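Using this note's numbering, the first residue of the sequence shown is number 109, and each one after it goes up by one.
Beta carbons: idealized from backbone N, C-alpha and C, even for Gly.
Here the structure is a predicted model, which is why all the values come from computation and not from measurement.
Here's the structure we're looking at; comments come further down.
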Amino acid sequence: MKTTTPTVPTPDDAALWHEGALYLADQRLLPDRAEFLRLTDAGAVADAIRAMVVRGAPAIGVAAAYGVALAGRDAYAAAGAGWKAAIESDLDRLAASRPTAVNLFWAIDRMRRLIARLDERDPFPALVDEALAIHAEDRAANHVIGDLGAALIEGPTDIITHCNAGAIATGGYGTALGVIRSAYAAGKVGRVFADETRPWMQGARLTAWELMHDGIPVTLQADGAAASLMAGRSVGWVIVGSDRIAANGDVANKIGTYGLAILARYHGIKFMVAAPTSTIDLEIARGEDIPIEERDPEELLSCGDRRLAPAGCVARNPVFDVTPADLVDAIVTERGVVLHPTKEKVRALMGGWGL
Ligand code: MRU
């Protein structure tokens with residue numbers, strides 16, 4: 109918990125709990141402006157998730173956990189001993205904010221399990237403690253993921269990453285960028301190539317910002333430039349995060365990830381997925397069952413105030429795709445590494461958890 113009022117967010121301090129409020133770096137404004145939004149109720153947290161003030165699967169889960177704490181405070185203020193019934197509408201609102209990142213539902217379920225154990229007294233302190241624990245555990249997990257992932261890399265080599273799976277997409281340090289940070293510290297990274305990641309530009313706006321902040325060499329490239337870079341043979345790994353991993357090891361991640369995995373296999377380049385076990389959904393058997401978010405086509409048809417496509421042009425905007433487990437060389441989690449994932453290996457990693 110912060111003791112002074114948060115002022116300017118940094119990559120590693122992009123979500124903070126301070127004096128009963130959640131401070132989130134407004135990721136829509138980066139990299140031009142680094143500003144916090146101060147959120148004081150669950151509805152505002154749900155709106156912030158939907159509007160992509162905060163994005164990235166683990167960060168969405170962390171934000172939702174704090175949202176549940178705020179919901180508990182308001183439910184107790186409104187209904188006293190009847191707070192458990194009063195909190196339900198806010199839990200539903202948080203759960204409806206985005207569909208693909210399972211960390212959102214994982215965090216709400218974990219908060220729900222605590223709610224079930226609490227009595228009729230004010231739940232706020234216990235809910236805040238649980239949200240802080242979720243946040244701290246995710247950050248700690250990412251450091252373990254970073255070390256385990258870096259150990260797989262023989263360097264120095266160049267790396268391609270897609271979207272932003274960095275400190276601001278998580279509880280801190282990052283998943284894919286956590287691996288890159290740890291590998292860079294070990295002298296194993298020559299240069300990181302960040303795909304710009306149309307249409308929301310997480311790579312250009314957020315990954316480049318994070319890596320430049322840390323002094324890690326990064327080159328931005330158009331999404332379509334990955335194939336020609338791979339043909340040049342300097343890239344040893346593609347490293348990405350994930351929004352949901354099915355029980356058989358199929359991986360949902362930002363749109364374009366599947367194409368990168370195919371390209372990597374063709375060019376003999378390894379493909380790593382870095383994610384905490386809170387991203388693994390054993391209730392989803394195969395990737396094709398993962399709900400894929402479709403966002404407003406306007407995200408493609410315009411760029412800021414400028415219209416890109418002719419008026420009336422039809423566009424589709426699925427914002428995630430599924431990479432089959434066959435194309436994944438390693439899933440790296442805080443509980444260990446799964447090489448060439450299969451249903452059996454994922455189940456063994458999870459040890460029956462979450463079943
Ligand atoms: O739509 P977003 O920005 O929330 O999507 C996030 C991603 O898909 C990231 O690539 C990431 O790997 C998963 S979260 C660390």
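Non-local beta-carbon contacts of Pro325 in its own chain, meaning distances under 6 Å to residues more than five positions away in sequence, involve Arg299 in chain order.
Taking all protein chains in view, the Cβ of Cys271 is crowded by 16 or more other Cβ atoms within 10 Å, so the residue is classified as buried.
For Phe428, the Cβ falls inside the 8 Å cut-off from some heavy atom of the ligand MRU. If you look at Lys453, you'll find it isn't in any beta strand (DSSP E); it sits in the alpha helix (DSSP H) that goes 451 to 458. The criterion of a C-beta distance shorter than 9 Å is not satisfied by Met309 and Ile388.
Exclusion of the five residues before and after Val236 leaves Ala177 as the residues of its chain whose Cβ lies within less than 6 Å of its Cβ. The beta-bridge partner set that DSSP reports for Ala133 consists of Phe144. Sixteen is the threshold: when 16 or more other Cβ atoms of the shown chains lie within 10 Å of the Cβ of Ser350, as they do, the residue is buried.
Around the C-beta of Leu222, 16 or more other C-beta atoms lie within 10 Å, and the residue is accordingly described as buried.
Straight-line spacing of the CA atoms in Lys453 and Leu447 works out to 8 Å. For Pro399 against Thr208, the beta-carbon gap comes to about 6 Å, under 8 Å, which counts as contact. Put simply, the backbone Cα of Pro418 is about 49 Å away from that of Gly444. By the neighbour-count definition (other C-beta atoms within 10 Å, threshold 16), Tyr131 is a buried residue. The Cβ atoms of Ala204 and Ala154 sit closer than 9 Å to each other.
DSSP lists Val297 as the beta-bridge partner residues of Thr265. In this structure, the C-beta of Asp351 approaches the ligand MRU to less than 8 Å from one of its heavy atoms. In this chain, the alpha helix (DSSP H) harbouring Arg218 covers 210 to 225. Rounded to whole angstroms, the gap between the alpha carbons of Ile242 and Arg218 is 9 Å.
If you draw a 10 Å sphere on the C-beta of Gly376, you find fewer than 16 other C-beta atoms in it, and that means exposed. Counting every other CB atom within 10 Å of its CB across the protein chains shown gives Met338 a total of 16 or more, marking it as buried. DSSP, reduced to helix, strand and coil, places Val326 within a strand of the structure shown. In the assembly as shown, Val427 is a buried residue. Its beta-carbon has 16 or more other beta-carbons within 10 Å. Under the three-state reduction of DSSP, Pro405 is assigned to coil, being neither helix nor strand. Secondary-structure assignment with DSSP links Lys378 through a beta bridge to Trp345. Straight through space, the alpha carbons of Leu256 and Gly263 are spaced by roughly 15 Å.
Rounded to the nearest angstrom, the gap between the Cα atoms of Val381 and Leu390 is 17 Å. Counting other Cβ atoms within 10 Å of its Cβ, Tyr374 stays below 16 and is therefore classed as exposed.
Straight through space, the alpha carbons of Ala284 and Ala194 are spaced by roughly 39 Å. Sequence-distant partners of Ala249 (beyond 5 residues in either direction) whose C-beta falls short of 7 Å from its own C-beta, in its chain, are Pro384, Glu442. If you compare the alpha carbons of Ile439, Arg424, Val359, Ala187 with that of Thr431, the shortest gap goes to Val359. Around the beta carbon of Ala244, a 10 Å sphere encloses fewer than 16 other beta carbons of the protein chains shown; the residue is thus reported as exposed.
When the five nearest sequence neighbours on each side are left out, the beta carbons in the same chain lying within less than 7 Å of the beta carbon of Leu137 are those of Glu143, in order along the chain. Cβ-Cβ distances below 7 Å link Ile216 to Ala172, Val176, Leu199, Leu202, Ala203 in the same chain, with the five nearest sequence neighbours on each side left out; the list follows chain order. In the three-state scheme derived from DSSP, where H, G and I count as helix and E and B as strand, Val236 is classed as helix.
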